[in-house]
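Protein chains: 4
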Amino acid sequence: MTHFHKTRRVRFADTDPAGIVYFPRYFVMTNDLVEEWFAAALDLPYRKIFEGGIRAVPLLNVSETFPAPSRLGDMLDFTLAVSRLGTKSFSVKIKAHCGGQARLISDQSSAWTRRDGGTLKAEAIPPEVRTRMEQFLENS
Amino acid sequence: MTHFHKTRRVRFADTDPAGIVYFPRYFVMTNDLVEEWFAAALDLPYRKIFEGGIRAVPLLNVSETFPAPSRLGDMLDFTLAVSRLGTKSFSVKIKAHCGGQARLISDQSSAWTRRDGGTLKAEAIPPEVRTRMEQFLENS
Amino acid sequence: MTHFHKTRRVRFADTDPAGIVYFPRYFVMTNDLVEEWFAAALDLPYRKIFEGGIRAVPLLNVSETFPAPSRLGDMLDFTLAVSRLGTKSFSVKIKAHCGGQARLISDQSSAWTRRDGGTLKAEAIPPEVRTRMEQFLENS
Amino acid sequence: MTHFHKTRRVRFADTDPAGIVYFPRYFVMTNDLVEEWFAAALDLPYRKIFEGGIRAVPLLNVSETFPAPSRLGDMLDFTLAVSRLGTKSFSVKIKAHCGGQARLISDQSSAWTRRDGGTLKAEAIPPEVRTRMEQFLENS
Numbered sequence: 006m007t008h009f010h011k012t013r014r015v016r017f018a019d020t021d022p023a024g025i026v027y028f029p030r031y032f033v034m035t036n037d038l039v040e041e042w043f044a045a046a047l048d049l050p051y052r053k054i055f056e057g058g059i060r061a062v063p064l065l066n067v068s069e070t071f072p073a074p075s076r077l078g079d080m081l082d083f084t085l086a087v088s089r090l091g092t093k094s095f096s097v098k099i100k101a102h103c104g105g106q107a108r109l110i111s112d113q114s115s116a117w118t119r120r121d122g123g124t125l126k127a128e129a130i131p132p133e134v135r136t137r138m139e140q141f142l143e144n145s
Numbered sequence: 006m007t008h009f010h011k012t013r014r015v016r017f018a019d020t021d022p023a024g025i026v027y028f029p030r031y032f033v034m035t036n037d038l039v040e041e042w043f044a045a046a047l048d049l050p051y052r053k054i055f056e057g058g059i060r061a062v063p064l065l066n067v068s069e070t071f072p073a074p075s076r077l078g079d080m081l082d083f084t085l086a087v088s089r090l091g092t093k094s095f096s097v098k099i100k101a102h103c104g105g106q107a108r109l110i111s112d113q114s115s116a117w118t119r120r121d122g123g124t125l126k127a128e129a130i131p132p133e134v135r136t137r138m139e140q141f142l143e144n145s
Numbered sequence: 006m007t008h009f010h011k012t013r014r015v016r017f018a019d020t021d022p023a024g025i026v027y028f029p030r031y032f033v034m035t036n037d038l039v040e041e042w043f044a045a046a047l048d049l050p051y052r053k054i055f056e057g058g059i060r061a062v063p064l065l066n067v068s069e070t071f072p073a074p075s076r077l078g079d080m081l082d083f084t085l086a087v088s089r090l091g092t093k094s095f096s097v098k099i100k101a102h103c104g105g106q107a108r109l110i111s112d113q114s115s116a117w118t119r120r121d122g123g124t125l126k127a128e129a130i131p132p133e134v135r136t137r138m139e140q141f142l143e144n145s
Numbered sequence: 006m007t008h009f010h011k012t013r014r015v016r017f018a019d020t021d022p023a024g025i026v027y028f029p030r031y032f033v034m035t036n037d038l039v040e041e042w043f044a045a046a047l048d049l050p051y052r053k054i055f056e057g058g059i060r061a062v063p064l065l066n067v068s069e070t071f072p073a074p075s076r077l078g079d080m081l082d083f084t085l086a087v088s089r090l091g092t093k094s095f096s097v098k099i100k101a102h103c104g105g106q107a108r109l110i111s112d113q114s115s116a117w118t119r120r121d122g123g124t125l126k127a128e129a130i131p132p133e134v135r136t137r138m139e140q141f142l143e144n145s
């Protein structure tokens, strides 16, 4: 298996009056990471998914743990792996470290959906996307 | 026990190109809710906690489930209860509904800390805060 | 004429490591104010404008001045007036005060548009919206 | 003179239900750009400025014009130049283009300040910062 990897510096806009990363910003960071993974590794830029308004990849649940705070200017190392690959949904595990210290552990599950009238209906992950996701599957 | 309760309309700034709430926005909403709970129910406005930079109430972990999407203009009913009250940390459960439908279930744990040099050190939740939190304790 | 008026407390999420409002947050606040003005005073909730993806009210330009910083917990008084009412565009002036001290002066111009294929085309502000906007026109 | 230059792709988090960049996001983008300029060109990372809480570089005013909308996936080319270099304040002009089309023109003025008790007091821009800023001065 392989990990998707990215670094991201903690910016002024990420931090709060306590001088540490404002925690909803971690979700913006992990969302950005998933978006880059889709574009760079799955060959599926979000523009392709969302334009026309036919498809969406909504989150079902997310769980995040913050072992230690991050500060303005810290360089975070993000890694992403696929922890579960279902027929119509998938889960990723994202970790962020700084200088060897764990800062964030995130588990997220998302559905593959198609818009059907006003609602989103789950449908099978397309085979070519599936094949690319498998490369990032843990313990494979 | 009692619940802390608030309504909040889904605004333009909360929604994404798929026309539903952009999920990091739920964390901004639940953060705002906790902040209002501190001010209105615990008699502890954040200004009091954060000014001087001595104290902080950092999140340890958060877990959120999104049973159904929320749309622009939806009126969300938020409720907050204390699910665990430790000596130096506490957990809250936040739920959001719209028209009887569950939209968000959030579990969060936070530490009570004091700044000691450059790091945050856990310390006991003050008794008067504890007493007020107890009113919101589930199954009490 | 009349002003549209709202109060809004400065929240934790609005402030930065310098302990003052992070300035892009003022734009979120003024956006929220315009959205509430549309719903409450113009009888035109954004859901009505944006659903279906036919209409949009994009900003053309904005100019903001920050006479003094705002801090966590400050209660800001916002007022909105229409400073110009064109056929296909309009301008609003938004001011925020706290305890009599000016904190924000914002001038914004927006276009009234309809989606035509992939682009937004300016069109006349509907008469019923125009009539309601006129009540907020300065020097009228 | 020289320009500070950066590219930045429009991400999902930047766009709104109308499918275009949500305008407060431009201010986050231009803030990020100024932050990178400080670190890369002025040798003054924000961590150095803000840690200890002694110094701040608050915005005095900002004016932005949006000649054309930007969409998810667009690659924006940002350039920054210094348009005015005062003793205790400075102004920058930021432009963003995409495929030769102007998307954003921003003029911002900021003060150089030191915290004096509870307030920010303007003080002279340090000579070594000034010298580096001069390289980006328009018409020089």
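Residue numbers (the working numbering), protein chains in the order written: chain D, 6 to 145; chain B, 6 to 145; chain X, 6 to 145; chain Z, 6 to 145.
Backbone N, C-alpha and C define an ideal beta-carbon position, used for all residues, glycine too.
Where residue i falls, given that 16 or more other Cβ within 10 Å makes a residue buried
i, result
"residue 121 of chain B", "exposed"
"residue 48 of chain D", "exposed"
"residue 34 of chain Z", "buried"
"residue 131 of chain X", "exposed"
"residue 69 of chain X", "buried"
"residue 20 of chain B", "buried"
"residue 133 of chain B", "exposed"
Residue i versus residue j: straight-line alpha-carbon distance, rounded
i, j, result
"residue 25 of chain B", "residue 96 of chain D", "20 Å"
"residue 128 of chain Z", "residue 119 of chain Z", "7 Å"
"residue 73 of chain D", "residue 143 of chain B", "29 Å"
"residue 111 of chain B", "residue 44 of chain X", "29 Å"
"residue 117 of chain Z", "residue 60 of chain Z", "8 Å"
"residue 126 of chain D", "residue 31 of chain D", "28 Å"
"residue 10 of chain X", "residue 85 of chain X", "7 Å"
"residue 67 of chain B", "residue 99 of chain D", "14 Å"
"residue 77 of chain Z", "residue 14 of chain Z", "8 Å"
"residue 42 of chain X", "residue 138 of chain X", "10 Å"
"residue 16 of chain B", "residue 115 of chain Z", "31 Å"
"residue 101 of chain D", "residue 123 of chain B", "21 Å"
"residue 22 of chain Z", "residue 71 of chain Z", "18 Å"
"residue 40 of chain B", "residue 136 of chain Z", "44 Å"
"residue 29 of chain X", "residue 141 of chain X", "26 Å"
"residue 8 of chain Z", "residue 94 of chain Z", "19 Å"
"residue 46 of chain Z", "residue 18 of chain Z", "28 Å"
"residue 2 of chain X", "residue 50 of chain Z", "Residue 2 of chain X is absent from the model: chain X starts at 6 and stops at 145."
"residue 63 of chain D", "residue 6 of chain Z", "47 Å"
"residue 103 of chain X", "residue 12 of chain B", "25 Å"
"residue 27 of chain B", "residue 65 of chain Z", "31 Å"
"residue 75 of chain Z", "residue 113 of chain X", "19 Å"
"residue 38 of chain Z", "residue 36 of chain D", "21 Å"
Run of the beta strand (DSSP E) containing residue i, from where it starts to where it stops
i, result
"residue 99 of chain B", "94–103"
"residue 127 of chain B", "124–127"
Enclosing alpha helix (DSSP H) for residue i [first to last residue]
i, result
"residue 54 of chain X", "51–55"
"residue 35 of chain B", "29–45"
"residue 136 of chain Z", "132–139"
Interface residues of chain A facing residue i [CB-CB closer than 7 Å]
i, result
"residue 69 of chain B", "Protein chains D, B, X and Z are contained in the structure displayed, whereas chain A is not."
Residues bridged to residue i [DSSP beta-bridge criterion]
i, result
"residue 64 of chain B", "B:115"
"residue 69 of chain X", "X:111, Z:67"
"residue 84 of chain X", "X:10, X:100"
"residue 90 of chain Z", "Z:95"
"residue 15 of chain Z", "According to DSSP, residue 15 of chain Z bridges with nothing at all."
"residue 77 of chain D", "Per DSSP, none; premise fails for residue 77 of chain D."
"residue 121 of chain B", "B:124"
"residue 25 of chain B", "B:76"
Check: residue i C-beta below 8 Å from any heavy atom of the ligand SAM
i, result
"residue 44 of chain D", "This structure simply doesn't include the ligand SAM, nor any ligand for that matter."
Review point. At a cut of 8 Å, does the stretch 82–100 of chain D reach the stretch 50–57 of chain Z through at least three beta carbon pairs?
Key: no
Check your understanding: Between the stretch 62–82 of chain D and the stretch 99–114 of chain D, do at least 3 Cβ pairs fall closer than 8 Å?
Key -> yes
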